[in-house]
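So the structure is just underneath, and the comments pick up after that.
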Amino acid sequence: MIFASALKSLKRDFYRSFFYWLTFMLTTAFVFLFFCIAVSPAVGMTFRNSQGGLAVNVTFFAVFVCMVDVFFANDFFVRTKAKDLAVQLICGAGFSQLAGYLLIQTFLLLALAIPVGVVLALALRPLLEVLMTSWLQTQCVIPISGSAVSATLFVLLTLVFWTTYLNLSYAYRNNAYTLLNSQSIRSTGSVFNIAHTKKAAKISNDAAGVFALILWLAPMLGILSAPADAFVFALFGMMGFYLCCRHVFEPLLSAWLDRKAIDKPNQIAVLGFFRTDLSIMKVNVVLIVICSVVLISLMSTPSITSMEKVLMILAYQMMNVLLSLAILFRFGTEALNRKKYFQTMRHLGYLEKDLHHIIARETVSFYCFVAVSAAMYVCVILKALAGNGVLTGSLPGSLLMSLLLPLLVCMIATWLYYRSNMSAKRA
């Protein structure tokens, strides 16, 4: 009975189930390829006595981001099951039934994702060798070793353990009331709230905003003048970007909302939702920008080998795909809480076409903001490294496209899901 209900739930929520499965599958493929390169003799990374500190640091960083992305995907997936769990609780189901309902779906998707991920990694290995040989103008071979298989298995088992633990805790700590009210409007972060600060606080925020802008933009000049120190400049620039998110972008959006005429309700709604998106997904935005910029800047490290460069490129591409998916999952989770907002807007006189227009503009604006924020630094670093001879041929353009394409795909998927979830038929 529980197994049949779990299968029906997967079929009913095919979109969410597919992207949950896709995350596990891509994580498996990327982690396997990554460890094949990291433990290869050319890189020489070992888990006892490492021969390369750079490879070890990048490996731990990549594994950490993979885990973060899986947790975002799991949160997105489990929260969509809230109403199903609440109905089962009302009908008399206990903790074991709820846990079984969630774990059957999770393990079924895992059982399908891990083998497909391994097959995908094996299929991509020859293609990756050809591309890297063409880009780096040197022979690149990605060997498969027992150490790579063991490391991949350890990471996947860790992910399965924590995913299981989180799902069990979700089923245990929630009752029917909290599950049924999981889509209630939050008391904080409302899209209709506009913060007003006192004059002294405003002056302080303005000074902090100017400092943040300087700290964000000035290091780009340093990267162009000294490409070998791109990593150090990029760290300062990312500190500035984080401060800009807090002291520049959000206050600027609030100021624009204050100045918008009341006869432009669509623009007000778009700006309000965009500000809320930035506030809620600030961590996701900062994470993808920092990861892409820092990993690209690491390629300026002196005496870096060709295989270490391959490791950096794979980590860069892997981070872009997984963190773009993390934004999609976070956006999707937030969309689940916005049905009452849109229902209120319908009562206020918004037409369905107006709401669709607002959703499209909000989604495009947010993803364009993320893409431009990351691409600014990435383009500067790529130009500096290309001018310095570190990157040649079509590699700079390929690296830029590997940043933008995942964001474009996730933007389209987010828009389709957001629009479908907010439609009048499902409100």
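Be aware that the sequence shown starts at 1, since it is given in full-length UniProt numbering, and climbs by one per residue.
Idealized CB from N, CA, C, for every residue including glycine.
Keep in mind it's a predicted model, so treat the numbers as computed, not measured.
In terms of residues, what are the limits of the alpha helix (DSSP H) holding residue i?
i: glycine 92; result: Taken as a continuous stretch (DSSP letters only), glycine 92 belongs to no alpha helix (DSSP H), as it is neither H nor E.
i: threonine 158; result: 146-173
Could you check what DSSP says for residue i in three-state terms: helix, strand or coil?
i: aspartate 13; result: coil
i: lysine 264; result: coil
i: lysine 83; result: helix
i: serine 423; result: coil
i: glutamine 88; result: helix
i: alanine 62; result: helix
i: glutamine 105; result: helix
i: valine 78; result: helix
i: threonine 23; result: helix
i: valine 210; result: helix
i: threonine 138; result: coil
i: alanine 29; result: helix
i: serine 225; result: helix
i: residue 430; result: Not covered by the structure: residue 430. The range shown for the chain is 1 to 427.
i: valine 130; result: helix
i: valine 70; result: helix
i: serine 40; result: coil
i: proline 219; result: helix
i: histidine 196; result: Summary for histidine 196: the model assigns pLDDT 41, below 50, so the residue's position carries little reliability, and this model does not support an answer.
i: serine 190; result: Below a pLDDT of 50, predicted positions are generally treated as unreliable, and serine 190, at 36, falls in that range; no measurement from the model is reported.
Could you tell me if residue i is buried or exposed, where buried requires 16 or more neighbouring beta carbons within 10 angstroms of its beta carbon?
i: cysteine 244; result: buried
i: methionine 238; result: buried
i: aspartate 206; result: exposed
i: tyrosine 172; result: exposed
i: leucine 351; result: exposed
i: leucine 271; result: buried
i: threonine 138; result: exposed
i: glutamine 88; result: buried
i: asparagine 57; result: exposed
i: leucine 314; result: buried
i: leucine 348; result: exposed
i: lysine 11; result: exposed
i: cysteine 368; result: exposed
i: threonine 197; result: Because the pLDDT of threonine 197 is 43, which lies under 50, any placement of that residue in the model is unreliable, and the question is left without a value.
i: arginine 259; result: exposed
i: serine 169; result: exposed
i: leucine 392; result: Sequence check: residue 392 is threonine here, not leucine. Threonine 392 comes out exposed.
i: threonine 344; result: exposed
i: isoleucine 381; result: buried
i: glycine 397; result: exposed
i: leucine 355; result: buried
i: tyrosine 165; result: exposed
Could you give the C-beta distance for residue i and residue j, rounded to a whole number, given that I count them as a contact under 8 Å?
i: proline 406; j: asparagine 266; result: Actually they do not touch by this definition, with Cβ atoms about 29 Å apart.
i: leucine 400; j: valine 378; result: 6 Å
i: arginine 16; j: phenylalanine 71; result: Not confirmed; about 15 Å, so no contact.
i: asparagine 284; j: arginine 330; result: 5 Å
i: proline 143; j: serine 40; result: 5 Å
i: leucine 311; j: isoleucine 37; result: 5 Å
i: leucine 385; j: serine 300; result: 6 Å
i: glycine 92; j: isoleucine 2; result: That pair is no contact at about 13 Å.
i: methionine 281; j: cysteine 140; result: 36 Å between Cβ atoms; not a contact.
i: phenylalanine 32; j: alanine 111; result: Not a contact, Cβ separation roughly 17 Å.
i: aspartate 69; j: leucine 323; result: 7 Å
i: tyrosine 417; j: isoleucine 359; result: That belief does not hold up - the Cβ atoms of tyrosine 417 and isoleucine 359 are roughly 10 Å apart, past 8 Å.
i: histidine 247; j: alanine 212; result: 5 Å
Original post:
Of all the alpha helix (DSSP H) runs that stay within the bounds of the region 228-253, which reach a length of 4 or more residues?
Top reply: 230-244
request  = Scan the UniProt domain "ABC3 transporter permease C-terminal" (321-419) and note each continuous alpha helix (DSSP H) run of 4 residues or more that stays entirely inside, going in chain order.
outcome  = 339-347, 352-387
Just list the alpha helix (DSSP H) runs in the region 268-325, keeping only unbroken ones of 4 residues or longer that don't cross its boundaries, in chain order. 282-297
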